[in-house]
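Trainee: This is the structure I want to talk about, given as structure tokens.
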Amino acid sequence: MTDDRLERFLGHYSSGHTPWDTGITPPEIEQIAAELPPGKALDLGCGTGTNVGYLLARGWQADGIDFVPQAVEIARDKLAAFPPEQFSILCYDVTRLDECPDLRAPYNLAVDIGCGHGLPLESQAQYAKTSPICWGRAAR
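Right, here's the structure in full:
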């Protein structure tokens, strides 16, 4: 990414000021997990892995992707008790999913809680273009 978002997020994680990281799974995710049979999920902008952990605990295979190395490290530590074949936490740019070598698509569920709308306008189009890779289809 060409914007200063990474530097800002690095500063927030270094200072411990991460007000978006509540550690609480949103009710929408809880409802989806209750209604759907467990499958494969991808959390775009997973942060410290709260939603990935929630889904793992309910029988899902779940992967997370975030561009902030500190968040990815925290998520990996937080989820270490789960079998490693059940999840993956990737440090990667969500606007370049089509280039991510470790993405385990296709997914039955993709979760975006605060990721896409937080991207700079010029990056949102690329994010939308590459998101079909989550489903195992080429972007159009």
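Whatever position you read off the sequence shown (first residue = 1), add 8 for our numbering. Note that the Cβ used here is the ideal one computed from N, Cα and C, for glycine as well.
(1) Tell me whether Thr56 is buried or exposed, calling it buried when 16 or more other Cβ atoms sit within 10 Å of its Cβ.
(2) For the beta strand (DSSP E) that contains Gln132, what are its first and last residues?
(3) Taking only runs of the beta strand (DSSP E) that begin and end inside the stretch 43-127, which ones reach a length of at least 3 residues, in chain order?
(4) Are the stretch 97-104 and the stretch 34-43 in contact at 8 Å, needing three or more beta carbon pairs?
(5) Taking all protein chains shown into account, decide if Ser23 is buried (16 or more other Cβ within 10 angstroms of its Cβ) or exposed.
(6) Helix, strand or coil for Pro34 per DSSP?
(7) Measure the alpha-carbon distance for Ser131 versus Leu64 and round it to whole angstroms.
Mentor: To lay it out plainly:
(1) Residue mapping note: residue 56 aligns to position 48 of the sequence shown, counting from 1. Here Thr56 is buried, its C-beta having at least 16 other C-beta atoms within 10 Å.
(2) Counting from one through the sequence shown, the residue named residue 132 turns up at place 124. Following the DSSP letters along the chain, one finds Gln132 in no beta strand (DSSP E) but inside the alpha helix (DSSP H) bounded by residues 129-138.
(3) Taking only runs of at least 3 residues, the beta strand (DSSP E) segments lying wholly in the stretch 43-127 are 48-52, 69-74, 95-99, 117-120.
(4) They do not touch, by the three-pair rule.
(5) On the sequence shown, position 15 is the one that residue 23 refers to. The residue in question, Ser23, is exposed, as its Cβ has fewer than 16 Cβ neighbours within 10 Å.
(6) The sequence position of residue 34 within the sequence shown is 26, counting from 1. Note: Pro34 maps to coil in three-state DSSP.
(7) Looking up residue 131 in the sequence shown gives position 123. Looking up residue 64 in the sequence shown gives position 56. So the alpha carbons of these two residues sit roughly 30 Å apart.
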